Amino acid sequence: MATLTLREIQKSYGSLSVIKNIDLEVADREFVVFVGPSGCGKSTLLRMIAGLEEISGGDLIIDGQRMNDIGPADRGLAMVFQSYALYPHMTVRQNMGFALRLARVPKAEREKKVAEAARILQLEPYLDRKPGQMSGGQRQRVAIGRAIVRNPKIFLFDEPLSNLDAALRGQMRIELARLHEELNATMIYVTHDQVEAMTMADKIVVLQAGVIEQVGTPLQLYHHPANLFVAGFIGSPRMNFLKGRVTGLDGTGLSVDLPSGARVALPVETATVGTGDAVTLGLRPEALRLDPQGPLGGTVRLVERLGGLTLIHVDLDRDGPVIVQIEGSDGTAPHQSVRLGVDPAAGQVFDGTGKALPHLVRHPLTH
Amino acid sequence: MRSSLTAQLLIAVLGWGIALLMFFPIFWMVLTSFKTEGAAIATPPQLIFAPTLESYAEVQSRADYLSFAFNSIAVSVGGTVLALAFAIPGAYAMAFHPSTRTRGTLLWMLSTKMLPPVGVLVPIYLLFRGAGLLDTRIGLILIYGLMNLPIVVWMLFTFFKEMPNDILEAGRMDGAKAWGEVWYLLLPLTLPGVASTGLLSLILCWNEAFWSLNLTSSAAAPLTTFIASFSSPEGLFFAKLSAASTVAVAPILVFGWLSQRQLVRGLTFGAVK
């Protein structure tokens with residue numbers, strides 16, 4: 001059992017406030033990812049949980065116990081650092097056993113736990129090497145092994161994959177997901193990479209400028225982002241944003257007129273907007289399709305063919321550039337005039353303050 | 001960057017020139033110690049002469065070299081250990097847990113080295129007299145330790161700064177308290193730097209003369225006092241003085257020669273990493 005509660009957590013350096021009143025619940029065995037652009041405070045928040053940064057205000061509660069003033073070693077957490085932070089003068093075996101040695105665990109038991117972690121991480125052949133003689137991926141595994149050996153209540157990961165190359169990163173992602181499954185542990189993971197967040201998290205916490213923008217499952221954030229920031233941050237290629245005005249609303253949604261005169265109707269709640277209000281239309285690349293009868297018209301600027309997917313960059317007449325994602329290989333050529341259709345169930349509307357109007361059609365996997 | 005042959009040649013000549021210039025006094029001192037008193041003061045100076053050991057015999061008969069040498073070793077090692085014992089925790093705190101006053105503290109420590117020691121001679125002398133520390137090895141160890149503390153703190157501080165904080169934080173997460181961090185992680189990883197700091201401190205202590213001359217007379221007198229005792233009121237006996245100086249600096253010269261690799265490695269620690 002390991003749960004974590006943050007209650008009005010704050011961090012400030014003098015008058016500069018970097019974490020502002022954060023409330024969060026992390027359930028037992030949950031894989032939670034903090035994601036956000038650099039400088040959003042996600043690493044600071046993780047370090048505050050770890051005990052490496054002082055908490056300026058609020059309560060940090062682990063398993064029902066307030067931990068603000070408990071030292072990092074006594075919180076029962078383990079952390080994997082971005083730089084791995086292995087002890088360069090110790091062998092892999094000594095690195096992994098260091099915490100147990102400090103805790104005066106008898107040698108035989110220490111060896112057993114190190115061997116067990118080495119087995120899980122397939123590090124057995126390297127136990128007597130020093131970190132300097134290992135590759136980046138292997139060092140990363142040693143850093144994880146060092147955390148496993150401690151059998152912590154919660155694993156903390158601070159951008160652990162960002163020093164690895166793309167192929168290795170994909171592999172380690174799968175390995176970490178497997179590890180989470182196998183160890184049945186609560187994990188908190190910090191990254192700026194939304195792909196890591198989407199693929200591994202049970203729950204994503206999107207942070208910006210020290211504030212939580214949204215908390216939810218990956219699919220909730222993807223299909224029902226709370227605001228423009230989350231909508232733009234989650235998803236690749238990025239969501240298309242088009243400026244428009246509300247021209248009509250009723251119980252089934254509203255219609256938006258774009259500068260070109262095109263009209264798009266979307267099923268969203270209309271309680272907080274009125275006719276004539278400026279809004280932003282959010283359309284994921286896969287919510288657009290080539291459709292000779294479609295309401296949007298434009299010229300193809302560029303086509304990216306990925307084989308299984310085709311990304312068509314279109315400059316809409318007067319409405320701005322968009323990206324259209326089509327399954328399979330498509331023959332559309334640059335400079336061609338096209339018309340685009342919209343899937344209303346996948347479209348979002350954001351009001352003047354950037355807040356999303358709740359969708360009337362919820363994605364079936366986001367309940 | 002590739003320099004031309006002439007430039008390399010010039011640098012080589014310059015390097016040798018400076019080295020010879022710096023080594024010459026030591027060379028002359030050693031040479032003089034093997035001369036007779038007459039030959040030592042002959043003009044023009046003699047480069048070729050019949051070497052003799054009579055000055056060394058005379059020196060040993062007048063004073064017990066080994067007792068002075070023992071004092072030198074004791075106070076140098078003692079002063080260095082004392083300085084390191086205080087400087088390691090101090091430099092650790094300033095390097096890894098700096099406060100707004102850390103910079104000021106460092107500069108203030110350095111500023112104490114700008115004061116001429118003779119300015120505090122009288123108060124220190126009186127304190128030592130009152131505490132019964134005059135002519136004791138403990139007294140000299142205290143003075144030497146304090147005298148080298150600023151430079152030892154500064155050197156350790158720069159070496160510690162090179163150490164990635166992540167590694168210490170990982171240690172903290174693994175359960176290391178401050179002492180554990182220092183003992184298991186910081187010291188092993190900055191050992192070249194700590195060693196060269198210690199070596200430098202040893203050399204400075206060994207060569208120190210001002211405090212040893214003023215605060216010791218016989219029981220705790222190190223080799224610097226031993227040398228000084230040969231410049232007597234009856235006049236300077238250059239051959240004997242040179243013989244005394246040679247036997248006094250010989251140990252530290254040999255020591256410096258053996259540890260030069262370590263010293264250079266330590267002093268360029270950050271640059272080559």
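For the record, the sequence lines run as chains A and B. Quick note: the first sequence uses this note's numbering, first residue 1, plus one each step. Quick note: the second sequence uses this note's numbering, first residue 1, plus one each step. Glycine included, C-beta positions come from ideal geometry on N, C-alpha and C. These numbers were taken from a predicted model, which means no experiment stands behind them.
query, result
"Residue ranges of each beta strand (DSSP E) run of no fewer than 3 residues wholly in the region 107–188 of chain A, ordered along the chain?", "154–158"
"What number of angstroms, rounded off, separates the C-alpha of B:LEU200 from the C-alpha of B:TRP206?", "10 Å"
"Name the two residues that bound the continuous beta strand (DSSP E) containing A:GLU325.", "Strictly speaking, residue 325 of chain A in this sequence is Gln, with Glu absent from that position. Note, A:GLN325: beta strand (DSSP E), 320–327."
"Apart from the five residues on each side of it in sequence, which residues of its chain come closer than 7 Å, Cβ to Cβ, to A:THR252?", "PRO267"
"If I measure Cβ to Cβ from A:LEU254 and keep anything under 6 Å in the same chain, skipping five residues before and after, which residues do I get?", "VAL246, THR270"
"What in chain B is Cβ-close to A:HIS89, meaning under 7 Å?", "PRO188, LEU189"
"Buried or exposed for A:SER329, going by 16 or more other Cβ atoms inside 10 Å?", "exposed"
"Please check if any C-beta of chain B sits within less than 8 Å of the C-beta of A:PRO321.", "no"
"Quick one: what's got a C-beta closer than 6 Å to B:ASP135's C-beta in the same chain, skipping five residues either side?", "THR216, SER217, ALA219, ALA220"
"Per DSSP, what kind of secondary structure is A:HIS192 in: helix, strand or coil?", "coil"
"Hey, is B:GLU58 close to the ligand NAD, as in C-beta under 7 Å from one of its heavy atoms?", "For the structure depicted, the ligand NAD is absent and the ligand set is empty, with no information on it obtainable."
"Give the secondary structure of B:ALA131 by DSSP, where H, G and I count as helix, E and B as strand, and everything else as coil.", "helix"
"Could you compute how far the alpha carbon of A:VAL105 sits from the alpha carbon of A:ILE61?", "27 Å"
"Please report the residue range of the alpha helix (DSSP H) in which B:MET22 lies.", "5–33"
"Under the DSSP definition of a beta bridge, which residues are partnered with A:PHE350?", "A:THR280, A:ALA356"
"Would you say A:LEU183 faces chain B, with C-beta separation under 8 Å as the test?", "no"
"So for B:MET155, helix, strand or coil by DSSP?", "helix"
"Is the shortest distance between the beta-carbon of A:PRO393 and the beta-carbons of chain B less than 8 Å?", "Since the first residue of chain A shown is 1 and the last is 367, residue 393 of chain A is not available in this structure."
"How close, in whole Å, do the beta carbons of B:LEU186 and B:LEU168 come, if the pair is a contact with beta carbons under 8 Å?", "7 Å"
"How would you list, in chain order, the residues of chain B whose beta-carbon sits under 7 Å from the beta-carbon of A:PHE98?", "ASP174"
"Identify which residue in B:MET94, B:MET114, B:LEU9, B:ILE143 has its Cα closest to the Cα of B:ALA209.", "B:ILE143"
"Contact criterion: CB-CB distance below 8 Å. Does A:ALA108 meet it with respect to chain B?", "no"
"Measuring straight from C-alpha to C-alpha, what distance separates A:GLY132 and A:SER236?", "36 Å"
"Taking 8 Å as the cut-off, decide whether the C-beta atoms of A:VAL279 and A:VAL273 are in contact.", "yes"
"At the 8 Å Cβ level, is A:LEU16 part of the contact set with chain B, yes or no?", "no"
"The beta strand (DSSP E) spanning A:PHE233 covers which residue range?", "Per DSSP, A:PHE233 belongs to no beta strand (DSSP E); it is in the alpha helix (DSSP H), 228–233."
"Taking the alpha carbon of A:LEU6 as the reference point, which residue from A:ALA50, A:PRO160, A:HIS367 has its own alpha carbon closest?", "A:ALA50"
"By the DSSP assignment, the beta strand (DSSP E) with B:LEU202 in it spans what residues?", "Per DSSP, B:LEU202 belongs to no beta strand (DSSP E); it is in the alpha helix (DSSP H), 191–207."
"Where does B:GLY17 land, buried or exposed, given buried means 16+ other C-beta within 10 angstroms?", "exposed"
"Name the DSSP bridge partner or partners of A:THR310?", "A:ARG305, A:ILE326"
"Please list the partners that B:GLY180 has in chain A, where partner means a Cβ-to-Cβ separation under 7 Å.", "LEU102"
"Who are the Cβ neighbours of B:VAL272 in its own chain at under 7 Å, not counting the five residues just before and after it?", "Note that B:VAL272 has pLDDT 36, beneath the 50 cutoff, so the model's placement of it is unreliable and the number below is only indicative. Hits under 7 Å: none found."
"Under DSSP, the beta strand (DSSP E) around A:GLN214 begins and ends at which residues?", "211–216"
"Using a Cβ-Cβ distance under 8 Å, would B:PRO164 count as near chain A?", "yes"
"Strictly by DSSP, which residues pair up with A:GLY10?", "With the sequence shown as reference, residue 10 of chain A is identified as Gln, and Gly is not the correct amino acid for it. Looking at the DSSP assignment, A:GLN10 forms a beta bridge with A:GLY57."
"Answer yes or no: do A:THR217 and A:ARG29 have a C-beta to C-beta separation smaller than 8 Å?", "no"
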